[in-house]
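A.B. asks:
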Amino acid sequence: MTVYVDEIQDYTRIAKARRLRHTHWCHLVADTRDELHDFAKRLGLRRTWFQDHGIRWHYDITPPKRARALQLGAVEIDRHGLADIMAKRREAARRRAVVLTRPGHPDVRFGPYDDYDQAATIAGGLLAQLHDVVHVPGTTIIVVPYVDALPHREPYVTTDPTQLAYRMDAAEADASQETGFPNLYARLRAQLGYEPARDIWLQAAAAYDWLHHDQLPSRTEHRPSARPRPAPPAPGVPWSQKPRRRRPAMTAQPLDSPAPPPSPAAGAQLRARIAASPRADRWLPAWDLEWTQALETARQTLSLAAAYETIATWTRRLDTAPAVDAFLEGGCDTSDGIPLEDVLGPRR
377 MTVYVDEIQD YTRIAKARRL RHTHWCHLVA DTRDELHDFA KRLGLRRTWF
427 QDHGIRWHYD ITPPKRARAL QLGAVEIDRH GLADIMAKRR EAARRRAVVL
477 TRPGHPDVRF GPYDDYDQAA TIAGGLLAQL HDVVHVPGTT IIVVPYVDAL
527 PHREPYVTTD PTQLAYRMDA AEADASQETG FPNLYARLRA QLGYEPARDI
577 WLQAAAAYDW LHHDQLPSRT EHRPSARPRP APPAPGVPWS QKPRRRRPAM
627 TAQPLDSPAP PPSPAAGAQL RARIAASPRA DRWLPAWDLE WTQALETARQ
677 TLSLAAAYET IATWTRRLDT APAVDAFLEG GCDTSDGIPL EDVLGPRR
């Protein structure tokens, strides 16, 4: 925090119009109002001399007072420096914060946002989710001027899936509590919109599973041994005659390692294959419906099991489609000699 004084200027015209005794003065400004008032008191200025004109709040001081202010530690600036201070104040005056008021609980503040529009976007995104999630009854979401002295949470959450994965434990715990709104996903959705937030969240969920794979049950945990262990040798048997057990060959991939997370573009790639298939007119609507349901299930459960299953099912369908087409092109069931047209009807 610093107090500043600018250059002495000739204000004779203003002094005559207002019938002022002094015709030359400068401006005493500071980073905060409290610091300015404390310094003015040390300088012997009356509080009634304070000029409160919006962002241009200051004291007017004469040349003797200016010299004394410099002795007390004020920093000398020119008119360009004063203009920079006013510009910073103007920018700070535009900053806004989003406040959640919760009856019986402390307010939650997010900010600062550079202007009202940015804050209103976040507030609107949170308000749209309010009635679909667990929250404190009577919660309100408003946009207010940003006050630096009050505690605020970060205005935006990270969009890096890996960083989100590290914060998912707390996000999952918050989602089950009234005071947990807005949790991590709610803020991400308010920040980006539903579809971009959903895609990033699914990538974060895959990263979360990968980071916590050591906590999952091992694939070999309940696997029976391939062969029984040899009995221990009897006492006195020479080393050359003791039974030996071969060590299994080492592999590049451990048996109990988790499957790598799917590519974020797996769904789009599979949809492109479906669109290029002869059954695209019937399969594409079914794929879009099942994939949307799988993504919604993954978002709610923080698990990609539904997405894995949907991709596997449709991959099998595409892989077996050529064999089915070849079978239908044959025109009959060769095992029983039944014409397929009698069963399926004439081809279109």
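Under this note's numbering, the first residue of the sequence shown is numbered 377, with each subsequent residue one higher. Where a beta carbon is used, it is the ideal one built from N, C-alpha and C, also for glycine. Just so we're clear, the structure is a prediction, and the values are computed from it rather than from any experiment.
#1: For a minimum of 3 consecutive residues, which ranges assigned as the beta strand (DSSP E) are wholly contained in the region 511 to 589?
#2: Okay, do the region 485 to 495 and the region 520 to 536 touch, 3+ Cβ pairs below 8 Å being the bar?
#3: Near residue 543, what residues of its chain come up, given a Cβ to Cβ distance below 6 Å and the 5 sequence neighbours on each side ignored?
#4: Given 7 Å as the limit, tell me if residue 574 has its C-beta closer than that to any heavy atom belonging to the ligand COA.
#5: Tell whether a beta-carbon distance below 8 Å holds between residue 453 and residue 570.
#6: May I ask which residues mark the beginning and end of the alpha helix (DSSP H) holding residue 663?
#7: Suppose you measure from the CA of residue 578 to the CA of residue 540; what does that come to, to the nearest Å?
#8: So does the region 513 to 521 actually touch the region 389 to 408, counting three or more Cβ pairs closer than 8 Å?
#9: If you draw a straight line from the C-alpha of residue 678 to the C-alpha of residue 584, how long is it?
#10: Measuring CA to CA, which of 429, 432, 437, 408 is closest to residue 422?
#11: Tell whether a beta-carbon distance below 8 Å holds between residue 567 and residue 510.
#12: Would you mind stating whether residue 455 and residue 382 have Cβ atoms separated by less than 8 Å?
#13: Do residue 564 and residue 576 have their C-beta atoms closer together than 8 Å?
#14: The alpha helix (DSSP H) that contains residue 439, what's its start and end?
#15: For residue 657 and residue 648, what's the separation of their Cα atoms in angstroms?
#16: For residue 430, which option in 440, 468, 574, 676 has the closest C-alpha, if you only look at C-alpha atoms?
#17: To the nearest whole angstrom, what separates the beta carbons of residue 528 and residue 473, a pair I think is in contact under 8 Å?
#18: Do residue 451 and residue 479 have their C-beta atoms within less than 8 Å of each other?
#19: Can you find the residues in the same chain that come closer than 6 Å, C-beta to C-beta, to residue 573, ignoring five residues on each side of it along the sequence?
#20: Would you decide whether residue 703 is buried or exposed? Buried here means 16 or more other CB atoms lie within 10 Å of its CB.
#21: Which of the three DSSP states, helix, strand or coil, is assigned to residue 413?
#22: According to DSSP, which residues form a beta bridge with residue 427?
#23: What residue does the alpha helix (DSSP H) around residue 649 start on, and which one ends it?
C.D. replies: Reading it off the structure:
#1: 516 to 521
#2: yes
#3: 560
#4: The ligand COA is not part of this structure, which contains no ligands at all.
#5: no
#6: 656 to 677
#7: 10 Å
#8: no
#9: 9 Å
#10: 437
#11: no
#12: yes
#13: yes
#14: 439 to 447
#15: 13 Å
#16: 468
#17: 6 Å
#18: no
#19: 564, 565
#20: exposed
#21: helix
#22: 434
#23: 642 to 651
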